[in-house]
Structure formats: C-alpha cells, structure tokens
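**Q** Per our numbering, the very first residue in the sequence shown carries number 36; after that it's consecutive.
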Amino acid sequence: MKMTTLVLIITAVLTALIGGLFYAYSCSVVLGLGKLSDTEYLKAMQNINREILNPVFFMSFMGTVILLPVSTFLLRGQQPVFIFLLLATLAYVIGVFGVTVAGNVPMNDTLDKFDISGSTTEAIRKMRENFENRWNFLNNIRTVFSVISIILVVCACVWNKEV
36 MKMTTLVLII TAVLTALIGG LFYAYSCSVV LGLGKLSDTE YLKAMQNINR EILNPVFFMS
96 FMGTVILLPV STFLLRGQQP VFIFLLLATL AYVIGVFGVT VAGNVPMNDT LDKFDISGST
156 TEAIRKMREN FENRWNFLNN IRTVFSVISI ILVVCACVWN KEV
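(1) Assuming M36 is part of the alpha helix (DSSP H), what are its boundary residues?
(2) Just the Cα atoms here: how many angstroms apart are L173 and T135?
(3) Relative to the C-alpha of Y127, which residue among C62, F117, L52 and L103 is closest?
(4) Given a cut-off of 9 angstroms on the beta-carbon distance, is the pair T99 and V131 in contact?
(5) If you drop the 5 nearest sequence neighbours on each side, which residues of the same chain put their C-beta closer than 7 angstroms to that of L196?
(6) Our contact map puts T46 next to S106 with C-beta atoms below 8 angstroms; I'd like the distance itself, whole angstroms only.
(7) Along the chain, where does the alpha helix (DSSP H) containing Y76 start, and where does it finish?
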C-alpha cells in the first residue's frame, strides 16, 4: 500500500469520526438537552463545551482540517480523486471548521463566561433563548457539510487507483 493511500484512509476515518460527532449531537444530544430546564441546559452545555476540548476531539477535528488538504495535494494528479478531495476540503474548511470557529466557538465562549448561579431566572432564560436555537442551527450546518465531506472522501477512496 502506498503512503498516499494510507493518508487517504486516515483522512476518511477522521472525517467520518468528526461527522459522526456532529450527527450524534443533531439527532440525539440536542434533543435530550432540549428537555432540560433553562438552568440545567446551560450548565450541561457549559460542561460539554469544556469537556470536548480534549486531545481525542482535537485529533479528529484538527486532523481532518490538516489531512484533507494534504490528501488533496498528494493526489493532485489523479482525476476524479483530486476533484472529490478538493470539494471535500472546501466543504470541511468552510462548512465545518469555519462555522465552528466563527459561530459555535464564540457562542461557547460567551456561555462559558455566563455566571449561572449569580443570574436571575430571567437572565438565564434569555441566555438560553440567545444560545440554543442558533447553536443548534450552526451545528446542523456542520453536520450537513461533514456528511458532504464524508461522501466526497469515500468517492475519492473508491476512485483511488494508487494502492
């Protein structure tokens, strides 16, 4: 097996792992969190957002943003593999990484600084209103673009001739 094929396989696995994370949030985690009271919801999201910042998450999230362009470069002479990987890279960098950095992370940072125990019921309700629907919407965008990236990387794997 050539090194380029191994890099492509690792890229596919990391892309699928991060896509699975966003998918699981969209179809289960946010549904369960939505049933919590405002205070419970905000506390849970604060804890989730703090705990996700770990080496395993960063390996898949940042590994994908690094390996997609690397795979694209390594397989630049192969058509249609190059096109699939280029599109997967653009989908991930813009729709997953970009949305996360520009949308979800600033919201998570704002929520992290919010003092739940020192806030009124009205302030807690407002914080949830300002956070929940927008955060879920952005996560759904990340989920869709992750799935698009996965499909394109799988296509690249299928059409890859370098074994």
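Where a beta carbon is used, it is the ideal one built from N, C-alpha and C, also for glycine. Note that the structure is predicted; figures quoted are calculated from it, not measured.
**A** According to the structure shown:
(1) Numbered from 1 along the sequence shown, position 1 holds the residue referred to as residue 36. Counting along the chain, M36 falls outside any alpha helix (DSSP H), and DSSP gives it neither H nor E.
(2) Residue numbering aside, residue 173 sits at position 138 when the sequence shown is read from its first letter. Residue numbering aside, residue 135 sits at position 100 when the sequence shown is read from its first letter. Approximately 8 angstroms, taken between the alpha carbons.
(3) Along the sequence shown, read from residue 1 onward, the residue named residue 127 stands at position 92. Considering only alpha carbons, the answer is L103.
(4) The residue given as residue 99 occupies position 64 in the sequence shown. The residue given as residue 131 occupies position 96 in the sequence shown. Contact flag set, yes.
(5) By one-based count along the sequence shown, residue 196 stands at place 161. Here residue 196 is Lys; the residue named in the question, Leu, does not match the sequence. Counting only Cβ-Cβ distances below 7 angstroms, and skipping sequence neighbours, we find Q113.
(6) The count along the sequence shown starts at 1 and reaches residue 46 at position 11. The count along the sequence shown starts at 1 and reaches residue 106 at position 71. T46 to S106, Cβ: 5 angstroms. Contact.
(7) The residue you call residue 76 lines up with position 41 of the sequence shown. Its alpha helix (DSSP H) spans residues D73 to E86.
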